[in-house]
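**Student:** Protein chains in written order, with this note's numbering: chain A, 2 to 303; chain B, 5 to 293. Here a beta-carbon is modelled for each residue, glycine too, at the ideal position from N, C-alpha and C. Quantities reported herein were computed from a predicted structural model and do not represent experimental measurements.
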């Protein structure tokens, strides 16, 4: 009798488990179709010669050799690291600074938060086109109008190879920094204001409170956001595609843009495009691994 | 006026020091600069929309000569933007429905039902957060081609049903629900699906609202996959149109700026309606969408 009830319960559990998987099935099918399978498929495709949507012949690493042998690959690789460098230089500290500033305000805090978040809501494509008018080299370009009022003559911007990457990163920062600042504000809000009060009574100056209480409260979050920022800027693609077409003379061409060019730029070489995608993925995995290695090492010390 | 509490590093007690008061003034000045910086480009692009091509290319004034809505109406009807708006509306609506149903059910399974072996799937979903969507856009596009789903909204709708971030948002919320209520409904004989619709869903309005707002905005702004799926066809959305304008340079610069304005109107309305929830959600949960 006991044995039988046991097996009944096991059966009920099994059927419940089956029903649960059935509920998750539609979501799992979609995740497979849209995310997981394409990821594996891009690895497979990078090893094949492709013709339109057909995989014609297994050619080993030939796509990789061909892609990496071209001058535009080296250029795109260097550019992509330059994007990452500039993004960390311009875009990493700014949100922290904004969060600290907005956090100190009392009256008008809601307005500041709203204004900071607003650019993040705008379509990225529209933002790029909008800013292209600001950086136009004509005398009717917005920046030239504004600088003209200060007596500075008309300049060109997007045709200068040393300026184009910092400009694209500045535009991306304009869109994202305010919303990131609000995330930092969430971490900063976890500090009980009484802690600052107590430190103040003990004679800690405002700066000492910032360094010893405020900044430690966001240390962990800053690490996470740093790696997420690197991952996201490393795949920069449509910004240079729309703003400069990768120019002048490939000075703003990114790796992902190179992938897009191989696939959809006329030649429809999906095999080579996948090879570029795989290279980007490998670099990103490498950087994530290095990050988590140092992250774990550091937390061992805590 | 009601006195608001200070929550920052600077305390009331510090304000007796002159240098802190000056510093506080500088903080406010910088915040105002930020507001100007965030808002000015938007105001400018609306002003630019009032200019005709000649004025746009030659004028060195930020303000337009006249605030006549004529150019906006002309661009709207000439380019047939109304049809693109309708297409975007259909695309967004289906995307939001898919985002809520499929990610919600997957999140429910991973957070509450937890059938044997769910851990592997949960790890896969978490890992997918780190993998960018565009990196596998080539094979995804080929899959869509193979299934002959080109020139249709279906793949775009369904793609929103496979969003790792939304699944994680649902998981986090469902895990915070009172598990005793869910357990009680099970003891009372509800099937897992009944529990979802009668117990979990009614408690989950806040997270559904958050995911819906994110999905509306993302689906409206999306253009890479929509461009590949819809290009050349009759179903192009506003963003696909804008992308074609910008890459093929088929329209003049002034028309382009008016198209930018058209593409920004729905997100700005959405923001105006929900800005309090959005900014407070970002501040309290640390998710920016």
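Using the three-state DSSP reduction, which class does residue 51 (chain A) fall into: helix, strand or coil?
**Tutor:** Strand at residue 51 (chain A).
**Student:** Residue 286 (chain B) CB to nearest chain A CB: under 7 Å?
**Tutor:** So yes, residue 286 (chain B) belongs to the interface.
**Student:** Quick check: is the beta carbon of residue 295 (chain A) nearer than 7 Å to any beta carbon in chain B?
**Tutor:** Answer no: the Cβ-Cβ gap between residue 295 (chain A) and chain B never drops below 7 Å.
**Student:** Hey, out of A:199, A:233, A:254, A:88, whose CA is closest to residue 1 (chain B)'s CA?
**Tutor:** What is shown of chain B runs 5 to 293, which leaves residue 1 (chain B) out entirely.
**Student:** Over the uninterrupted alpha helix (DSSP H) stretch that includes residue 35 (chain B), give me the two end residues.
**Tutor:** Residues 22-53.
**Student:** Could you name the residues that DSSP lists as bridge partners for residue 59 (chain A)?
**Tutor:** DSSP lists A:49 as partners of residue 59 (chain A).
**Student:** How many Å lie between residue 160 (chain A) and residue 132 (chain A) at the Cα?
**Tutor:** One C-alpha to the other measures close to 15 Å.
**Student:** Using a Cβ-Cβ cutoff of less than 7 Å, which residues in the same chain neighbour residue 175 (chain B) once the five nearest sequence positions on both sides are dropped?
**Tutor:** Excluding sequence neighbours, residue 175 (chain B) sits near 111, 114, 115.
**Student:** So what does DSSP say about residue 105 (chain A), is it helix, strand or coil?
**Tutor:** Of the three classes helix, strand and coil, the one that applies to residue 105 (chain A) here is helix, per DSSP.
**Student:** Kindly list, in the order they appear in chain A, the residues whose Cβ is closer than 8 Å to that of residue 224 (chain B).
**Tutor:** Within 8 Å Cβ-Cβ: 124.
**Student:** Taking residue 78 (chain A) as part of the alpha helix (DSSP H), name the residues at either end of that continuous run.
**Tutor:** 72-92 is the extent of the alpha helix (DSSP H) around residue 78 (chain A).
**Student:** Alpha carbon to alpha carbon, how far is residue 12 (chain A) from residue 169 (chain A)?
**Tutor:** If you take the alpha carbons of residue 12 (chain A) and residue 169 (chain A), they lie about 60 Å apart.
**Student:** Within the chosen definition, does the segment 162-176 of chain B reach the segment 100-108 of chain B through at least 3 CB pairs nearer than 8 Å?
**Tutor:** Verdict: yes, contact present.
**Student:** Please classify residue 152 (chain B) as buried or exposed, where buried requires at least 16 other C-beta atoms within 10 Å of its C-beta.
**Tutor:** That one is exposed.
**Student:** Is the beta carbon of residue 282 (chain A) less than 7 Å from the beta carbon of residue 139 (chain B)?
**Tutor:** In this structure, residue 139 (chain B) lies closer than 7 Å to residue 282 (chain A) by Cβ.
**Student:** If I follow the unbroken alpha helix (DSSP H) through residue 128 (chain B), where does it start and stop?
**Tutor:** Looking at the DSSP string, the run of the alpha helix (DSSP H) that includes residue 128 (chain B) is 122-132.
**Student:** Please name the residues in the segment 35-56 of chain A whose beta-carbon is closer than 8 Å to at least one beta-carbon of chain B, in chain order.
**Tutor:** Cβ contacts with chain B: 35, 36, 37, 38, 39, 40, 42, 43, 46, 54.
**Student:** Within a Cβ cutoff of 8 Å, which residues of the same chain sit near residue 302 (chain A), ignoring the five residues on either side of it in sequence?
**Tutor:** Note that residue 302 (chain A) scores a pLDDT of 47, beneath 50, so its modelled location is shaky; the value from the coordinates is reported in the next line. None.
**Student:** Within 10 angstroms of the Cβ of residue 37 (chain B), are there 16 or more other Cβ atoms? Answer buried if so, exposed if not.
**Tutor:** Label assigned to residue 37 (chain B): exposed.
**Student:** Who are the Cβ neighbours of residue 54 (chain A) in its own chain at under 8 Å, not counting the five residues just before and after it?
**Tutor:** Contacts found: 271.
**Student:** Among the residues of its own chain, which have a CB less than 6 Å from the CB of residue 298 (chain A), if the five just before and after it don't count?
**Tutor:** So the list is empty, once near-sequence residues are dropped.
**Student:** Could you give the distance in angstroms between the alpha-carbon of residue 97 (chain A) and the alpha-carbon of residue 164 (chain A)?
**Tutor:** Rounded to the nearest angstrom, the two C-alpha atoms are 25 Å apart.
**Student:** To the nearest angstrom, how far is the alpha carbon of residue 286 (chain B) from that of residue 174 (chain A)?
**Tutor:** C-alpha separation (whole angstroms): 17 Å.
**Student:** What's the C-alpha gap between residue 193 (chain A) and residue 10 (chain B)?
**Tutor:** Rounded to the nearest angstrom, the two C-alpha atoms are 11 Å apart.
**Student:** Between the C-alpha atoms of residue 238 (chain B) and residue 186 (chain A), what's the straight-line distance to the nearest angstrom?
**Tutor:** Between residue 238 (chain B) and residue 186 (chain A), the C-alpha separation is close to 45 Å.
**Student:** Below 7 Å CB to CB, which residues in the same chain sit around residue 136 (chain A) once its five sequence neighbours on both sides are set aside?
**Tutor:** Correct list, in chain order: 142, 144, 158, 159, 168.
**Student:** Taking only beta-carbon positions, decide if residue 136 (chain B) is within less than 7 Å of chain A.
**Tutor:** Residue 136 (chain B) counts as touching chain A.
**Student:** Inspect the CB distances between the segment 220-230 of chain B and the segment 241-260 of chain B and report whether three or more fall short of 8 Å.
**Tutor:** Cβ pair count under 8 Å is three or more, so yes.
**Student:** So, at 7 Å on beta carbons, what are the nonlocal neighbours of residue 69 (chain B) in its own chain, with the 5 sequence-adjacent residues on each side left out?
**Tutor:** Result list for residue 69 (chain B): 59, in chain order.
**Student:** Residue 165 (chain B) CB to nearest chain A CB: under 7 Å?
**Tutor:** With 7 Å as the cut-off, residue 165 (chain B) counts as an interface residue toward chain A.
**Student:** I'd like to know whether the C-beta of residue 120 (chain B) is nearer than 7 Å to at least one C-beta of chain A.
**Tutor:** It does: the Cβ of residue 120 (chain B) has a partner Cβ on chain A nearer than 7 Å.
**Student:** Any idea what DSSP makes of residue 226 (chain B), helix, strand or coil?
**Tutor:** In this structure, residue 226 (chain B) counts as coil in the three-state DSSP scheme.
**Student:** Around the Cβ of residue 108 (chain A), are there at least 16 other Cβ atoms within 10 angstroms (buried) or fewer (exposed)?
**Tutor:** Flag for residue 108 (chain A) reads exposed.
**Student:** Quick one: does residue 255 (chain A) have its CB under 7 Å from some CB of chain B?
**Tutor:** For residue 255 (chain A), the answer is no, since every Cβ of chain B falls outside 7 Å of its Cβ.
**Student:** By a C-beta neighbour count over all protein chains shown, 10 Å radius and 16 as the cutoff for buried, is residue 134 (chain B) buried or exposed?
**Tutor:** With fewer than 16 Cβ atoms within 10 Å of its Cβ, residue 134 (chain B) is classed as exposed.
**Student:** Given 8 Å as the limit, is there contact between the segment 42-57 of chain B and the segment 258-268 of chain B, that is, 3 or more CB pairs closer than that?
**Tutor:** Yes, since at least three Cβ pairs between the segment 42-57 of chain B and the segment 258-268 of chain B fall closer than 8 Å, the two stretches touch.
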